[in-house]
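These notes are about the structure you will find just below.
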Amino acid sequence: MELSDAFWSASLEELKSGYIQENGFFTCLLCGEKIEKGIVYPFENQFYEAERYMRIHIEMAHQSVFNYLLAMDKKLTGLTDHQKKLLSLFYQGKNDKEIQKELDIGSASTIRHHRFALKEKERQAKTFLALMELLKEKDEYAPAFVPVHQTATMVDDRYNITLEEQEKIVTKYFSKGALTQFPPKEKQRLVILREISTHLKKDYIYDERELNQILKGFYEDYILIRRYLVDYGFLDRQSDGSRYWVTQ
């Protein structure tokens with residue numbers, strides 16, 4: 014799933030809750046699911062008002078906001094795999110001795126050192142966030158960038174794309190809904206693949222033949238497009254290549 018503008022513009026409290034309120038709906042920041050206010054929703058033989066039902070949705074669909082954020086690409090979180098593992102264990106409520114035993118590293122004091130390092134990272138993040146918020150008030154020339162999708166496999170300079178650049182690339186390479194050629198540059202390929210992925214159904218399993226037929230409508234070398242959609246994290250598949258689905 015592509016992280017929306019709403020996700021990146023949400024306040025810290027909204028990110029912690031995992032949803033926002035807008036236009037008569039509670040909207041999930043993690044997947045875009047909308048729950049209409051003023052309606053009572055059934056779940057497991059009980060009825061819930063909209064906001065409570067949104068929290069149930071987050072728990073059922075994403076386990077928790079914490080787990081969703083922790084699973085994001087390290088380029089988006091700034092966390093190493095080791096730090097992610099530690100945060101997960103801390104979140105589970107385990108003490109330092111239990112964590113030291115489970116990870117089989119150092120001693121309990123080693124875990125305390127990691128806790129301190131993470132607190133330092135938190136302080137730095139707060140300072141940087143304040144700086145960026147203040148900068149928004151002054152930087153009138155800041156461009157609007159295309160959001161990075163949550164399942165991106167490689168987050169680097171290829172994602173340095175403005176909305177204006179994206180529109181130009183799509184216009185250049187698409188004609189009457191079909192791809193005139195596969196772009197030679199990685200940044201252009203990313204835009205094209207993103208555009209094609211928006212025409213595929215979410216929460217749906219494609220068999221190989223069905224997916225090939227759809228991709229053939231965009232470009233004659235549908236196998237190339239299919240491979241790149243998987244490589245860039247827009248599609249996932251079974252190991253034997255018989256089933257494909259849009260990543261969430």
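The sequence shown lines up with residues 14 to 261 when you count with the working numbering. From the three backbone atoms N, C-alpha and C, an ideal C-beta is built for every residue, glycine too. No experiment lies behind these values; they were computed from the predicted model shown.
| Check | Outcome |
| --- | --- |
| State the start and end residues of the unbroken alpha helix (DSSP H) segment that holds R222. | E221 to K229 |
| Do L206 and L242 have their beta-carbon atoms positioned less than 8 Å apart in this structure? | yes |
| At least one CB of chain C closer than 8 Å to the CB of H212: is that the case? | Absence of chain C from the displayed structure is noted, only one protein chain being present. |
| Just tell me which of T260, N173, I33 and D18 has its CA closest to the CA of R68. | I33 |
| What would DSSP say about L131, mapped onto helix, strand or coil? | helix |
| Which value, in whole angstroms, describes the spacing of the CA atoms of Y232 and R222? | 15 Å |
| Between the alpha carbons of F247 and S22, how many angstroms are there, rounded? | 23 Å |
| For Y245 and S188, I'd like the C-alpha separation in whole angstroms. | 23 Å |
| Quick one: what does DSSP say V243 is sitting in, helix, strand or coil? | helix |
| What does DSSP give as the partner residue(s) for K47 in the beta ladder? | T40 |
| What's the C-alpha gap between G51 and R65? | 12 Å |
| Note down the Cα distance separating K107 from L100, rounded to an integer number of angstroms. | 10 Å |
| Three or more C-beta pairs closer than 8 Å, one from the segment 249-260 and one from the segment 211-220: is that the case here? | yes |
| Kindly indicate which three-state DSSP category L213 falls into: helix, strand or coil? | coil |
| Over what stretch of residues does the beta strand (DSSP E) that includes Q34 continue unbroken? | Y32 to E35 |
| Would you call G254 buried or exposed, if buried means 16 or more other Cβ atoms sit within 10 Å of its Cβ? | exposed |
| Could you round the C-beta distance between L176 and V159 to whole angstroms and report it? I think they count as a contact, below 8 Å. | 6 Å |
| Take Y104 and list the residues in its own chain whose beta-carbon comes closer than 6 Å to its own, dropping the five residues that flank it on each side. | F79 |
| Could you check which residue in D109, K229 and T93 has the C-alpha nearest to that of F195? | K229 |
| Take E62 and list the residues in its own chain whose beta-carbon comes closer than 7 Å to its own, dropping the five residues that flank it on each side. | V53 |
| Taking 8 Å as the cut-off, decide whether the C-beta atoms of L43 and Q96 are in contact. | no |
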